[in-house]
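To start, the structure under review is shown below, and the notes come after it.
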Amino acid sequence: MINLTIDGTPVQVEKGQTILEAANSAGIRIPTMCWMKKMRPIGSCRMCVVEVEGLGKPVSACDTMAAADMKVTTQSELLHGMRRDALSLMLVGHPLDCPVCDKGGECVLQDMVWEFGVTEQPTPGAQPTRDIERYISPMIKQWADRCVLCARCVTACKEVKGIGCIEIKGNGFDSYIGPVEGVDCISCGECLSVCPVGALTDGIRDEKARIWQSKRITTTCGYCGVGCQFDLNVLNDKIIRVTTTDHDKLPNFGSLCIKGRFAWEFVDHPDRLTKPLVRRDGELRETTWEDALHTAAKKIKEVRDAHGPDSIAGFASARCTNEDNYVFQKFFRAVIGTNNVDHCARL
Amino acid sequence: MSDLVFSSWGDATVDSRKQAVDAQAIELPKELSNGTSLAGIMGWDGIAVWGDSHPVDMARAYARGLSDNSCGQCIPCRIGSHVILEAFERICSGAGRENDAGEIKRLSERLRDQAMCDLGQTCGKGFLDVIENFGKEIDGLVADKKSVPRSEYITATTAPCKSACPAHLEIPTYVELIKKGRFEDSLELIRRDNCLPGTIGRVCVRPCEFDCRRSNVDGPVQIKFLKRFVADYEIERNRPTRLPEKEPEGEKIAIVGAGPAGLSCGYFLSQLGYAPVIFEALGEPGGMAAVGIPDYRLPRELLRYEAELVRKMGVEIRYETDVGTDVKLEELISNDYKAVFLGFGARLGTSMGVEGESDDIVGFFKGADYLRDVALGKDVFTGETCIVVGGGNVAIDCARSALRKGFKNVKIVYRRSLIEMPADAVEVQDAEDEKIEMLILTNPNKIISENGKVTGVEVVKMELGEPDDSGRRRPVEMKGSEYVIPADACIMAIGQAIDLDLIEGIEELETTRWKTIVIQGLNRLAMVKNGVGVFAGGDCETGPLTLIGGLAAGKEAAYQIDRFIKEGSSDPMDEWVINKFIEELKPYDKAEDVGQPCSTEPAKIHHKPVAERVTNMEEVEVGFTHEEAIAEASRCLRCYRLMVAAKA
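The listed protein sequences derive, respectively, from chains A and B. First residue of the first sequence? That's 50 in the working numbering, and the numbers climb one at a time after it. First residue of the second sequence? That's 43 in the working numbering, and the numbers climb one at a time after it.
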């Protein structure tokens with residue numbers, strides 16, 4: 050273990066932990082923009098600068114290891130100025146379209162600018178020469194001019210998903226996030242979920258809501274057995290998108306696959322069955338549950354009596370709960386008397 | 043400001059406005075090796091002007107260079123450099139604003155203190171030097187709306203490690219790619235300058251690590267092992283190599299020797315559109331890397347794999363074709379080859395000339411010959427005790443090979459002390475771990491033999507006297523301290539020599555008294571005969587030196603051959619000239635306070651247990667895991683630096 054002091058508070062951490070991790074463990078907040086707990090430090094935003102006694106200039110807390118007897122200062126006039134200037138530079142060429150930006154109200158840049166009281170956009174000069182608004186995948190909209198190039202998306206794509214289909218391209222002021230040649234995007238939306246600003250937005254629905262207008266209901270994904278947690282964003286009792294904002298939560302740490310993040314439109318799809326149907330005279334007609342179940346039971350009984358129980362097979366969905374599937378196979382084995390039972394996950 | 047002489051380079055300030063001085067007061071090279079004279083430079087250590095170049099215009103060019111080279115990762119550099127550039131552009135064109143200088147100063151301080159890497163940090167210092175020393179001039183330009191004349195500039199980026207590497211590999215970038223988990227991209231970048239990444243990642247003498255700024259903090263980044271890691275990754279994961287494959291096509295170039303220099307020359311020539319033909323005396327590729335470096339340090343399969351990739355790129359290798367005996371160099375020069383590259387190395391072993399030495403005695407070897415015999419799988423003599431004479435890497439290689447070939451006791455005899463030993467300290471440690479005895483301050487006097495067999499070596503003890511020309515203390519014999527070490531073998535591992543029989547009959551080729559081939563300079567041209575340029579590089583030109591030096595020479599020769607054929611010019615490429623200039627500016631300062639806490643330590647490579655490794659020739663070192671590689675790469679401080687030089 051290593052003993053150090055941060056803002057005069059003694060902190061004890063394991064060897065190999067960063068100054069930022071040490072501060073977090075002691076409940077001392079150092080402002081960050083690019084850092085995320087689930088990824089290795091990126092070090093691009095330079096917001097986490099801290100002063101260390103004995104060193105000539107500040108160091109970034111996110112990627113500097115803590116050392117024994119270090120004396121760290123996280124707040125000073127110099128550091129405040131540096132952080133403020135970094136924010137100010139992020140605003141160079143940044144469109145002030147917050148009122149129409151999807152991220153308005155939950156934007157890290159917006160929050161930071163407010164916190165540090167940056168009230169002016171520095172002389173913008175030439176705008177960065179980036180394409181504005183294009184789709185990097187049918188699911189994900191990219192607003193390159195809103196990008197602060199924190200590289201969270203690039204890092205998450207490589208480190209969390211192991212894909213690496215985007216990278217920082219170009220140099221200097223004209224740098225932008227672009228696709229890596231020969232590596233295909235799998236549209237998982239990991240980039241979208243880590244973007245601190247409105248540079249990557251969901252391209253599924255036209256319906257939108259401000260953060261304070263919609264409800265966020267945390268639920269469990271039903272597509273497979275992992276049990277990923279996500280938030281259904283609900284406006285007027287309709288889902289408008291799926292988000293993950295808590296990147297510390299088990300079991301998925303904010304990560305989802307393409308199905309979990311984008312394949313939810315079936316919920317209010319007009320083709321979805323909402324009432325039982327029974328085929329009579331060659332036509333499917335709406336009916337009551339009582340009638341539907343009664344009809345099914347009658348037909349199954351007839352087939353079993355005429356052809357034996359093994360003439361019937363049961364096929365259930367892997368998206369049903371364990372309990373449902375248990376009862377289903379029990380019904381087939383014990384009630385109908387056949388072992389012909391399976392479910393779709395084996396397909 | 044054409045009569046201005048000013049320098050803030052390093053610690054000293056020279057300013058002709060304060061004190062009458064001439065350009066001599068600035069201790070910086072004032073011209074390039076190709077004769078281009080300069081008017082000033084701006085770089086990581088400040089700004090210096092001695093000719094017709096305006097310091098504010100130079101700062102503008104410097105900001106342009108930073109903006110163009112900024113990697114786009116951190117805010118102060120990516121955007122700060124742009125805002126600084128725009129301000130300098132305004133000032134230089136007579137449209138400066140009142141607060142421009144103040145804005146430059148503030149953002150330059152942020153660059154210096156807040157940028158992610160040394161590119162931004164060092165540039166910040168340069169701009170601040172300009173604002174501090176030429177603030178009044180800037181105010182004048184802004185007030186009078188006056189523009190400044192534009193000079194022409196040479197812009198280059200470097201890093202201490204990159205500059206120290208003879209092949210100038212893009213070290214900070216490929217290390218950063220490893221940090222980001224982009225191992226294959228890293229290897230692709232390494233291969234831009236080097237065709238044997240796995241080889242050099244095992245046996246390089248790593249000048250880069252000796253000039254690593256992280257060593258000023260807590261130990262150098264393990265660059266060599268990181269290179270090995272990405273090379274191994276490709277093989278272990280069976281990944282495609284991303285190298286082009288083609289049949290030989292284009293004009294033919296003859297290369298003598300399939301060692302590192304020859305392979306490297308062929309590798310680059312094939313990419314430049316030629317059809318190189320390599321003539322190799324041995325039956326396999328690698329030259330001294332194959333038969334001079336034991337397999338336990340550099341597995342032959344790896345060398346063969348990497349050479350095979352070079353062959354597949356359209357390089358023909360004719361094995362067991364010894365130039366000098368099977369084919370005469372004269373024929374190559376006069377045949378249908380457009381150019382010839384000599385990269386035949388230093389393949390001969392040498393001896394000390396002490397009493398009793400003879401190649402006819404059983405148990406007496408020259409180091410290079412012994413290693414070659416072991417490498418070629420010959421039935422080498424073995425016995426109880428082996429004395430290895432020498433203190434270089436070859437001596438350690440001989441000793442460890444002798445141990446593996448069956449000797450029970452192996453002793454290294456070296457005339458100075460451990461501190462002066464030229465062998466790599468890591469390898470000395472490995473040898474000591476394997477219980478090889480180091481008899482320091484001891485020198486052989488006589489090889490004792492009976493009936494044509496070595497029976498012992500008479501040695502004398504030495505002490506260190508006054509320093510000699512090399513700065514090391516000269517060993518002096520202690521009279522009367524002679525004694526005999528009984529032994530049945532003695533290996534003289536004191537050096538290698540160049541076999542000039544290969545170039546016999548070519549009178550025009552000039553050689554030195556150390557039997558090395560003389561070249562003109564950076565253009566690597568040794569001679570021109572019948573319009574055919576003969577170029578040289580590697581050990582045959584420098585004397586026995588390093589593998590990376592050979593790789594670098596092969597690359598340089600390839601580009602010079604291309605220029606020679608296409609342009610009929612033997613002028614050195616600008617890139618080599620600038621690299622050399624940067625080297626003279628010394629990008630690495632051992633005494634610099636880097637400003638990082640000492641909180642990490644260099645990753646250590648794993649070794650197979652001693653008992654397991656000394657019985658065979660299998661590789662001793664085990665590469666990094668992914669996590670170790672990424673953690674090690676994260677220690678890199680990315681010390682890129684920018685330099686602009688104003689042409690006079």
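For every residue, glycine included, the Cβ atom is placed at its ideal position computed from N, Cα and C. These numbers come from a predicted model, not from an experiment.
**Asked** With a Cβ-Cβ cutoff of 8 angstroms, do Tyr225 of chain A and Ala193 of chain A count as a contact?
**Response** The Cβ atoms of Tyr225 of chain A and Ala193 of chain A lie closer than 8 angstroms to each other.
**Item:** Contact set between Ile545 of chain B and chain A, taken where Cβ atoms lie within less than 8 angstroms
**Value:** Listed along chain A is no residue with a C-beta nearer than 8 angstroms to that of Ile545 of chain B; the closest approach is about 47 angstroms.
**Request:** Return the Cβ separation of Cys147 of chain A and Cys237 of chain A in integer angstroms, given the expectation that the two are a contact with Cβ distance under 8 angstroms.
**Result:** Incorrect: roughly 27 angstroms between the Cβ atoms, too far for contact.
**Request:** Closer than 6 angstroms by C-beta to Ser306 of chain B: which residues in its own chain qualify, once you throw out the five before and the five after it? Chain order, please.
**Result:** Listed in chain order, the non-local C-beta contacts of Ser306 of chain B below 6 angstroms within the same chain comprise Cys237, Leu593, Gly596 and Lys597, local neighbours out to five positions each way being set aside.
**Message:** In the DSSP output, what is Gln191 of chain A paired with across the bridge?
**Reply:** Answer is A:Arg183 and A:Leu249, bridged to Gln191 of chain A.
**Length-filtered (4 minimum) alpha helix (DSSP H) runs lying within the segment 94 to 178 of chain B** = Within the segment 94 to 178 of chain B, the complete alpha helix (DSSP H) runs of at least 4 residues are 97 to 111, 117 to 120, 122 to 134 and 142 to 156.
**Request:** Could you give the DSSP three-state label for Thr200 of chain B: helix, strand or coil?
**Result:** If DSSP states are grouped into helix, strand and coil, Thr200 of chain B belongs with the strands.
**Prompt:** Is the CB of Ser125 of chain A under 8 angstroms away from at least one CB in chain B?
**Reply:** In terms of beta-carbon proximity, Ser125 of chain A stays away from the interface with chain B, with every pair separated by 8 angstroms or more.
**Message:** Between the alpha carbons of Asp110 of chain B and Asn220 of chain A, how many angstroms are there, rounded?
**Reply:** One Cα belongs to Asp110 of chain B, the other to Asn220 of chain A, and the distance between them is close to 6 angstroms.
**Item:** Cβ shell of Arg515 of chain B (< 8 angstroms), same chain only, five flanking positions each side left out
**Value:** Cβ within range, chain order: Arg458, Glu462, Leu506, Gly507, Glu508 and Pro509.
**Item:** Run of the beta strand (DSSP E) containing Ser400 of chain B, from where it starts to where it stops
**Value:** Unbroken run through Ser400 of chain B: none, as it is neither H nor E.
**Item:** Status (buried if at least 16 other CB within 10 Å, exposed otherwise) for Lys86 of chain A
**Value:** Under the 10 Å beta carbon count, Lys86 of chain A is surrounded by fewer than 16 other beta carbons and is classified as exposed.
**Message:** Report the start-end ranges of each alpha helix (DSSP H) in the segment 488 to 533 of chain B that is 4 residues or longer and not cut off at the edges.
**Reply:** List check, alpha helix (DSSP H) in window: nothing returned.
**Request:** May I ask you to report which of helix, strand or coil DSSP gives Phe279 of chain A?
**Result:** Secondary structure of Phe279 of chain A (DSSP, three-state): strand.
**Prompt:** For the candidate residues B:Thr553, B:Asn451, B:Val430 and B:Glu397, whose alpha-carbon lies nearest to that of Ala410 of chain B?
**Reply:** Checked all of B:Thr553, B:Asn451, B:Val430 and B:Glu397; the closest Cα to Ala410 of chain B is B:Val430.
**Asked** How about Val101 of chain A and Met119 of chain A: are their beta carbons less than 8 angstroms apart?
**Response** Remark: C-beta atoms of Val101 of chain A and Met119 of chain A approach each other more closely than 8 angstroms.
**Message:** Among A:Lys308, A:Trp163, A:Leu53 and A:Val384, whose alpha-carbon lies nearest the alpha-carbon of Arg357 of chain A?
**Reply:** In the sequence as presented, Arg is not what sits at residue 357 of chain A; that position holds Gly. Closest option to Gly357 of chain A, Cα to Cα, is A:Val384.
**CA nearest to the CA of Gly138 of chain B, picked from B:Ala129, B:Tyr316 and B:Cys582** = The closest CA to that of Gly138 of chain B, considering only B:Ala129, B:Tyr316 and B:Cys582, is found on B:Ala129.
**Request:** Identify each residue in the segment 198 to 210 of chain A for which the Cβ-Cβ distance to at least one residue of chain B is less than 7 angstroms, and report them in chain order.
**Result:** Answer set for the segment 198 to 210 of chain A: Leu198, Ala200, Lys207 and Glu208.
**Interface partners of Met88 of chain A on chain B, CB under 9 angstroms** = Per Cβ cutoff of 9 angstroms: no residues; Met88 of chain A is ~11 angstroms from chain B at best.
**Message:** Just to confirm my understanding: we take Arg284 of chain B, look at its own chain, exclude 5 residues before and 5 after, and list those with CB closer than 6 angstroms. What are they?
**Reply:** The beta carbon of Arg284 of chain B is closer than 6 angstroms to those of Glu230 in its chain, skipping five residues each way along the sequence.
**Prompt:** Which residues, in order along the segment 458 to 482 of chain B, keep a beta-carbon less than 9 angstroms from a beta-carbon of chain A?
**Reply:** Under the 9 angstroms Cβ criterion, the segment 458 to 482 of chain B contributes no residue.
**Item:** Option nearest Leu445 of chain B by Cα separation, candidates B:Phe383, B:Ile335, B:Tyr316 and B:Thr427
**Value:** When each option's Cα is compared against that of Leu445 of chain B, the closest is B:Thr427.
**Prompt:** When you compare each of B:Ser400, B:Arg680 and B:Val636 to Asn699 of chain B by their alpha carbons, which one comes out closest?
**Reply:** Lying outside 43 to 690, the shown extent of chain B, residue 699 of chain B is not represented and no answer is given.
**Request:** Check the Cβ-Cβ distances between Thr113 of chain A and every residue of chain B, and say whether any is below 8 angstroms.
**Result:** So, interface residue.
**Asked** How should Ser193 of chain B be labelled, buried or exposed, when 16 other C-beta atoms within 10 angstroms of its C-beta is the threshold for buried?
**Response** That one is buried.
**Request:** Consider the Cβ of His124 of chain B: report whether some Cβ of chain A lies at a distance smaller than 8 angstroms.
**Result:** Cβ-Cβ to chain A under 8 angstroms: yes for His124 of chain B.
**Request:** Identify the contact partners of Pro118 of chain B in chain A, using a Cβ-Cβ distance below 8 angstroms as the criterion.
**Result:** The answer, in chain order, is Arg95, Asp134, Ala135 and Leu138.
**Request:** Tell me, please, whether the CB atom of Val101 of chain A is closer than 8 angstroms to any CB atom in chain B?
**Result:** At least one chain B Cβ lies under 8 angstroms of Val101 of chain A.
**Start-to-end residues for the alpha helix (DSSP H) that takes in Val149 of chain A** = From DSSP, Val149 of chain A is part of no alpha helix (DSSP H); its letter is neither H nor E.
**Asked** Using the C-alpha atoms, what's the distance from Ile265 of chain B back to His648 of chain B?
**Response** When only Cα atoms are considered, His648 of chain B and Ile265 of chain B end up about 15 angstroms apart.
**Request:** Can you pull the chain B residues whose beta carbon is under 8 angstroms from the beta carbon of Pro107 of chain A, in chain order?
**Result:** Within 8 angstroms Cβ-Cβ: Asp155 and Gln156.
**Prompt:** Looking only at C-alpha atoms, which of A:Asp295, A:Cys202 and A:Val167 sits nearest to Thr250 of chain A?
**Reply:** Residue A:Cys202 holds the alpha-carbon nearest to the alpha-carbon of Thr250 of chain A among A:Asp295, A:Cys202 and A:Val167.
**Message:** For chain A, check one thing: does any of its Cβ atoms lie closer than 8 angstroms to the Cβ of Cys640 of chain B?
**Reply:** With respect to chain A, the C-beta atom of Cys640 of chain B has a partner C-beta closer than 8 angstroms.
**Asked** When DSSP labels each residue in this structure, what does Pro161 of chain A get in the three-state scheme?
**Response** It should be noted that the sequence gives Met, not Pro, for residue 161 of chain A. Here Met161 of chain A sits in helix by DSSP.
**Prompt:** If you measure beta-carbon to beta-carbon, which residues of the segment 166 to 178 of chain B are closer than 8 angstroms to chain A?
**Reply:** Correct list: empty, as no residue qualifies.
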